[in-house]
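This report refers to the structure that appears directly beneath it.
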Amino acid sequence: MAVFATTYRVHAQTSDPLAAQVVGAAFMAPMFLGGAIVGTMTDRLDRYRSVSTSLGVLIPLAGLMGLAVANDHAPVWVSYVFVFCIGTGNLIDMTSRRSIAFDLVGASLIANAAAMETLALHAGNTLGSLSGGLVIDLVGTAWVYVVVAGLYVIAGAAFRRGARTAGAALRAPSSLGTSARQDLRAAFGLLLTNGLLRQLLVITVLMNFFYYAFTPLIPAFADELGVGPLATGAMASAMGFGSVTGAFLLSRLRCQRGGLLHIGGSCGAMVMLIAFANMTWYPAALLTLFVAGVFGSGFGATQSALVVSLVDESQRGRALGVLSMAIGALPFGMFSLGLVARRTDPQLALTLSVTSGLCILLGWQALRPQLRSLRT
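In the numbering used here, the protein residues as written are 28 to 403.
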């Protein structure tokens, strides 16, 4: 919700596709800049305290942002700083809370837990974009940040209650007797010693650089289709609805062909996004984004499960940190897509970008057929 509202506001302020793309880039930048470091800390520190401290910072920050927007004291650079802070909290959440979730269920249910976690993630993204557009339409952008602060409070309370049953999973299972420098070296060492992990992360880089990079351009596509804030929010949430649907189906299945699902879902999602880029009718645009989300859930639901299945239990935080660095390709994709969109137009820029990504992805899986045989 916070990222959607900020993107919408920056687009309204500047009408510049690159400026809107930088919002998404600032949100995802912490993944690239600090993924391995935060992942290493996850394997050393109290995970409950890490998540709780992050929420304790974000709650007042969202409230202050709402106050600044209401008083018209939030220039574009303030928006970038705000979403960078939100992105840092997202990184801590990804490495700490996901490690807790996987530790709770055990190795036999990691695939199902990953699908359910993806379901929750996409449900939040979907409802956030849709309700963010509704709040903007009814009472203005400033109130979105107030709602965000309230939702962080609810998240903190829910996490605290759930933590009572988590027990030892809240705390790091490893790193005793080692230094932080050794652990950080070990995190990067995973890339050198684990060939399958390295090959798998290439797909993560491709999906984030070419596929997910378009989301800040949603307001620009909405302008071309002639719709308002609520319809823009619905468009931003359509892919999320598809992801929720796909993740729900996957969470009910015990599909162990994770590698095949990972690659097939990625290819299907890119094909549907190319179709979306060339739609001129709003309902058709919504439908193609929904189907793209269904395919994309195959990639998203298996991503973390495949990564943690390739490493020892004591290295999960580090592996998720390295994964977050691969996801950190997203801000670079957003920035480059914004540059092309500024020089051409959003539709052509997205078509060229995703088509390039699809061709590279098909070539990579042809060179690395063993990825299709990975199991979760």
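Note that beta-carbon positions come from the ideal geometry of N, C-alpha and C, so glycine has one too.
This one's a predicted model, so the numbers in the text were calculated from it and none came from an experiment.
With DSSP as the reference, label residue i as helix, strand or coil.
i: A393; result: helix
i: M28; result: coil
i: S201; result: Reliability of the predicted coordinates at S201 is poor, the pLDDT of 49 falling under 50, and the value obtained from them is presented with this limitation in mind. Note: S201 maps to coil in three-state DSSP.
i: D120; result: helix
i: D250; result: helix
i: P358; result: helix
i: Q342; result: helix
i: R187; result: helix
i: T307; result: coil
i: A134; result: helix
i: N235; result: helix
i: L333; result: helix
i: G216; result: helix
i: L224; result: helix
i: G90; result: helix
i: P243; result: helix
i: G22; result: Residue 22 lies beyond the stretch modelled for the chain, which goes from 28 to 403, so this question has no answer here.
i: L82; result: helix
i: T315; result: helix
i: R125; result: helix
i: R279; result: coil
i: L388; result: helix
i: T371; result: coil
i: H100; result: coil
i: L398; result: helix
Considering only their Cβ atoms, is the gap separating residue j from residue i smaller than 8 Å?
i: W391; j: V229; result: yes
i: G159; j: V171; result: yes
i: S363; j: M143; result: no
i: M28; j: V175; result: yes
i: A274; j: A328; result: yes
i: N472; j: G267; result: Residue numbering for the chain in the displayed model covers 28 to 403; residue 472 lies beyond these limits and cannot be assessed.
i: A150; j: V271; result: yes
i: V45; j: L366; result: It is Leu, not Val, that sits at residue 45 in the sequence shown. Yes, they are a contact pair.
i: A53; j: G114; result: yes
i: L347; j: M121; result: yes
i: F322; j: M299; result: yes
i: L233; j: L337; result: no
i: A247; j: H38; result: yes
i: Y75; j: A190; result: yes
i: I119; j: S79; result: no
i: A240; j: M361; result: yes
How about residue i: is its Cβ closer than 7 Å to a heavy atom in the ligand FAD?
i: F317; result: This structure lacks the ligand FAD; in fact it carries no ligand of any kind.
Below 8 Å on the Cβ atoms is my guess for residue i versus residue j; work out the distance and round it to an integer in Å.
i: G286; j: S400; result: 6 Å
i: V110; j: V50; result: 6 Å
i: L316; j: A376; result: That belief does not hold up - the Cβ atoms of L316 and A376 are roughly 17 Å apart, past 8 Å.
i: G260; j: L161; result: 6 Å
i: A296; j: A319; result: 5 Å
i: R345; j: L217; result: 6 Å
Ignoring anything shorter than 3 residues, give me the beta strand (DSSP E) runs that lie fully in the region 32 to 56, in order along the chain.
none
Just to confirm the assignment: which complete alpha helix (DSSP H) runs, minimum length 4, are found wholly within the region 138 to 172?
none
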